[in-house]
Each structure stands twice: as C-alpha cells, then as structure tokens.
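Here this note's numbering is used: the first residue of the sequence shown is 243, the next is one more, and so on.
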Amino acid sequence: MTVRVRFAPSPTGMFHVGGARSALQNWIFAKQQGGVFVLRIEDTDAARNRPEWTEGILSALDWIGIARGSYEGPYFQSSYAGEHRAAAQRLYEGGRAYYCDCTREDVQARTGPQQRGYDGFCRDRGLEPGEGRALRFRTPDEGETVVVDLVRGEPTFENKLIEDFVIARGDGSPVFLLANVVDDMSMGITHVIRAEEHLPNTPKQQLLWDALGVKPPIWAHVPVVVNEKRQKLSKRRDKVALEAYRDEGYLADAMRNYLMLLGWAPSGDREIVPWSVIEEEFRLDEVNPSPAFFDEKKLRAFNGDYIRALPVEDFVEACRPWLTGTETIAPPPWQPDEFDPAAFAAVAPLAQTRIAVLSEIVPNVDFLFLADPLIDEAAWTKAMKEGAADLLDAAIVAFEALESWDAESLKATLEAVGAERGLKLGKAQAPVRVAVTGRTVGLPLFESLEVLGRDRTLTRLRAARVRLV
Ligand code: GLU
Numbered sequence: 243m244t245v246r247v248r249f250a251p252s253p254t255g256m257f258h259v260g261g262a263r264s265a266l267q268n269w270i271f272a273k274q275q276g277g278v279f280v281l282r283i284e285d286t287d288a289a290r291n292r293p294e295w296t297e298g299i300l301s302a303l304d305w306i307g308i309a310r311g312s313y314e315g316p317y318f319q320s321s322y323a324g325e326h327r328a329a330a331q332r333l334y335e336g337g338r339a340y341y342c343d344c345t346r347e348d349v350q351a352r353t354g355p356q357q358r359g360y361d362g363f364c365r366d367r368g369l370e371p372g373e374g375r376a377l378r379f380r381t382p383d384e385g386e387t388v389v390v391d392l393v394r395g396e397p398t399f400e401n402k403l404i405e406d407f408v409i410a411r412g413d414g415s416p417v418f419l420l421a422n423v424v425d426d427m428s429m430g431i432t433h434v435i436r437a438e439e440h441l442p443n444t445p446k447q448q449l450l451w452d453a454l455g456v457k458p459p460i461w462a463h464v465p466v467v468v469n470e471k472r473q474k475l476s477k478r479r480d481k482v483a484l485e486a487y488r489d490e491g492y493l494a495d496a497m498r499n500y501l502m503l504l505g506w507a508p509s510g511d512r513e514i515v516p517w518s519v520i521e522e523e524f525r526l527d528e529v530n531p532s533p534a535f536f537d538e539k540k541l542r543a544f545n546g547d548y549i550r551a552l553p554v555e556d557f558v559e560a561c562r563p564w565l566t567g568t569e570t571i572a573p574p575p576w577q578p579d580e581f582d583p584a585a586f587a588a589v590a591p592l593a594q595t596r597i598a599v600l601s602e603i604v605p606n607v608d609f610l611f612l613a614d615p616l617i618d619e620a621a622w623t624k625a626m627k628e629g630a631a632d633l634l635d636a637a638i639v640a641f642e643a644l645e646s647w648d649a650e651s652l653k654a655t656l657e658a659v660g661a662e663r664g665l666k667l668g669k670a671q672a673p674v675r676v677a678v679t680g681r682t683v684g685l686p687l688f689e690s691l692e693v694l695g696r697d698r699t700l701t702r703l704r705a706a707r708v709r710l711v
C-alpha cells in the first residue's frame, strides 16, 4: 500500500508557522515512506476564503522547500461539493443519519443550559429532508472508538459520550467534518498528520469512515504551538505568519530546521543540523505530545548561526531583497543609483557576523549609500557630550594628514587623539561614529571609514562639527 498524506490548509489568513511545521512533517513522512504528499486547499468557508491566501500558502510552502510541482495537487475542496453531498445522502439512506429540526434553544430548553451537546430528540422521529432541517449522524450507543495515533498512542472515546453531530446544515451544505473525511477517502489518504486541535474531531471522523465502509487512516496529532505564556499562538496576539518571518530576513533553512524542533530533536546533543539529517532521523512516534514552545529569541539566534555559516557570496546574494526592496519588503532609504555593490561587498563580511536577521543589513550599511547619514537624535545626544567638539576638531586634523586611508592607520590615529585627551578608544570613537554613521552601534568603525573613503568621512565630521557650534 502506498503511503499517501495530505496537508489541508484553509485559505483564511496568512500562513501560520504551526501549519508550516505540520506541512514539513507530512512532507518528510511521505518521503521516508516512499509515499505521496497531497496538497488540498480546504476552501469551503466562502465567507472567509480569499484567493490571495491560497497563493500565499503555495509560495510559503515553496519557500520552505515544498516546491510547486513536486507534490500532488493543489486540489480544492470546493470542487468536490457533489461528493460531499452524495456521502451525506448515503448515510441518510443507510439509516446512519437522520434529519432534525431542533433549534439550539429547543435543545437547551429540554436539557438545561449546563448540558452540552444534542439530546437525540429527533433520532426516531423519522423526519423527511426539508428546508431548515439539519442532518445528524446517529452515533453508536455502545462500544468505543479507538484512534490509532502515532504521536498519542491509542486515545479511546466512549461512543455514548459522542453526541449525534451535524453532518449537513439546514441548507443542505455538508460541514467541515464530513467534507474533510470524504476528501481524505477519495484521495486515498493513509495517514492524517495534523495539529492537536483536531483531536476532538477525530472520533467523530473515524465513525464516519466506519459508517461509509472504509478503513480509517492512521492519525498523528502533533502538538499545538504556544507562546512564552503557554497560550496557543494566535494571529491576533503573536507573530505567526511564515511570510512575516521570511520578510524580516529569516533564512528558509533556519526556519525549517527550527520548526522541526517543535516537539522533536535529532540525535546527539544537536539542534542545528543539515536538512538531510532531519529527513533521515525524524520519527513521528518520537514527537513529544506536549505543547511546543515557539521561542522567537531562540529562532533569532538560530538564524544568526545560519547566516554566519553562509559563504560570503551567498550572504551578499541573500541580502539583495532588503537592498532593493520587493513587493513585500520595503525599499531601503537610499536611491537605487546610490547603491555601490563594491562598497557593499567590502563590508558584507563584517555585517555577516553581526546580524541575526537579514533585514538588519539596512541600518548597518545605509551610511555608505546615503548622501548624508540618517542621524538618530538619541544617539547624537548621547555621543556629543562635552569635549566632543574638541575631539572632532582634532580627529579632522589628524585624519586630513593621514597618508594611507586604511582601517589600521585610522584606528592608530584616533587612539592617539583620544589618549591626548585621556579618553579610551571606545569613548573617542563614539562622536566619530555618530557623526559618520548616525548611530551609536554598527559595523567596526575603522573598516567602515576605510570603505566610506576620506572625502565623505571628512565631510561628515565637519558637518557634525558645525552642528556642535
Ligand atoms: N482545514 C483544516 C485546518 O486548516 C485542516 C484539517 C485537517 O488537517 O484535517 O485546520
């Protein structure tokens, strides 16, 4: 039997990092089993779906390595409405489902507000189909439903505690629970790997598989992803969109490595490992069922490690979207013709060891490409204390006299200027750095001045000096 798995997102918002994690787990599992990965877009919630979200899912999957054309699909759930209705009809005709005209108020009036779920009032009323009548599944009164779950063992549900749940609404439209099962069935899905939040649906869905006469799949409910307060990551509160991480400058390799560590770890005492190791070692039955903490700080540190491991040419290439701007990344503050690739290449290795996400490249190098540096006023106030004017005057004179404009000579010169004033190098650097780059922190100062060049450095120092008068 060929293993067939599916990833079945709903296109109702930005692509969630938890979804990306499940997609990767499905992808790896299929690959390990020599199986097939199917992408199914569950677009039946017409009020919340938007085509751009579907495009967002496809491009985000592409970005983390699940490339268009290398999987089956995308299929669209909305194209199978006929099959969903036919399955509902079959369940009705076989006596496995019945029509019900109770409103929620009717049910509550009978059961009291405390009791949840349907009381079975219409079970034996023999109602015909009709406008406003929902179709409910007749759950067995006895026995239990045992879910075989690779992550959770065998969660077992007593059938008598499962209410007669709705499978088609009063307007005849089948609900998610049924559509999802019918599609899995017709797509020959053998393993359903999805987030834990669907576990409560699973006994109901498994009863539907049984009632429709098909052997249910093997399930794997992977842990919910939570924030530092142990709350489920939510798009209203947390940064959850994979695209947001991409546009901030997380590398796809770092991201997918990190996502696979949510609830699982490779062998040995390692976390950063090549993708091939993850593909080889990952096991669903080793996934920890407890909630997995999405630690953005750790992800940042991870990304920094990945950035530092790039060959410098690849780093330069990887920075490009932030140096030019794209459809989703804001353009940098300089004009395209102000950008100097040679100057960038000269400082790239210095930046590479210092930034954790690629978007940070821009504030580190903008001083090289702008006619005037963007002065951060707080940095200015901090650096331009008493003595700054005198120090700048001396630095200007000493720099003008330099024979060779290189980092080493610049450093020795400023060190001497500082020493004459009883200042350590760090203190002497501060006004020079702010005058030239606009900021108190950044790339190593003397290398920066070397690349910026004598004329531009002196112009900026003089401008700062004028401002201090
Ligand atoms: N469309 C469902 C969701 O996005 C997926 C259900 C499933 O994987 O079975 O949550």
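Quick reminder that beta carbons are idealized off the backbone N, C-alpha and C, glycines included.
Query	Result
Extent of the continuous alpha helix (DSSP H) run through THR254	Looking at the DSSP string, THR254 is not in any alpha helix (DSSP H), and its letter there is neither H nor E.
The segment 400-412 in contact with the segment 428-440 per 3-pair CB rule at 8 Å	no
Environment of GLY395 [buried if 16+ CB atoms lie within 10 Å]	exposed
Minimum C-alpha distance to ARG290 - residue among ASP632, PRO251 and SER312	PRO251
Alpha helix (DSSP H) runs wholly inside the segment 320-405, at least 4 long, in chain order	323-335 and 346-353
The beta strand (DSSP E) enclosing ARG472, as first and last residue numbers	Element bounds for ARG472: n/a, residue is neither H nor E.
Among ARG542, TYR317 and SER601, the one whose alpha carbon lies nearest that of ALA496	ARG542
Chain-order list of residues whose beta-carbon lies under 7 Å from that of GLY505 (same chain, five-residue window excluded)	VAL464, PRO465, VAL529, ASN530 and ALA534
Same chain only: Cβ atoms within 8 Å of LEU612, ignoring 5 sequence neighbours per side	PRO575, TRP576 and GLU580
Straight-line Cα distance separating ARG248 from ARG380	28 Å
Complete alpha helix (DSSP H) runs within the segment 504-582 (minimum length 4 residues, chain order)	517-523, 538-550 and 554-566
DSSP three-state assignment for LEU281, whether helix, strand or coil	strand
Coarse secondary structure for VAL456, derived from DSSP in three states	coil
Buried or exposed (CB count within 10 angstroms, at least 16 for buried), ALA625	buried
Through-space distance from PHE544 to SER312, alpha-carbon basis	28 Å
Run of the alpha helix (DSSP H) containing ALA643, from where it starts to where it stops	First-last for ALA643: undefined, no H or E at that position.
C-beta atoms of TRP305 and ALA494 nearer than 7 Å	yes
ASN422 Cβ short of 6 Å to the ligand GLU heavy atom set	yes
Cα-Cα separation between VAL468 and GLU335, rounded to whole angstroms	44 Å
When LEU552, GLN267, ALA670 and ALA323 are compared against GLU284, the one with the closest alpha-carbon	ALA323
Which of helix, strand or coil DSSP assigns to PRO416	strand
Proximity test, PRO252 beta-carbon vs the ligand GLU heavy atom, cut-off 6 Å	The sequence shown places Ser at residue 252, not Pro. Yes, the Cβ of SER252 comes within 6 Å of a heavy atom of the ligand GLU.
Length of the line joining the Cα atoms of VAL390 and ASP426	16 Å
Heavy atom of the ligand GLU within 6 Å of ARG246 beta-carbon	no
Through-space distance from VAL259 to ARG479, alpha-carbon basis	14 Å
Extent of the continuous alpha helix (DSSP H) to which GLY660 belongs	649-662
According to DSSP, residues forming a beta bridge with ALA410	LEU377 and PRO416
Residues that DSSP places opposite HIS735 in a beta bridge	Since the displayed the chain opens at 243 and closes at 711, residue 735 lies outside it and no answer follows.
Residues that DSSP places opposite TYR317 in a beta bridge	ARG282
Alpha-carbon spacing of ARG512 relative to PRO553, whole angstroms	22 Å
The ligand GLU heavy atom lying under 6 Å from the CB of GLU470	no
Cβ distance (whole Å) where VAL685 is taken to contact LEU592 below 8 Å	The residue asked about is misnamed: residue 685 is Leu in this sequence, not Val. Going by Cβ atoms, the distance from LEU685 to LEU592 rounds to 5 Å, so yes, they are a contact pair.
Residues near ASP632 by beta carbon distance below 8 Å, same chain, minus five either side	ARG663
Inter-residue Cα distance where the pair is GLY261 and ALA453	29 Å
Check whether SER509 and GLU523 have beta carbons under 7 Å apart	yes
Distance cut-off 6 Å: ARG352 Cβ against heavy atoms of the ligand GLU	no
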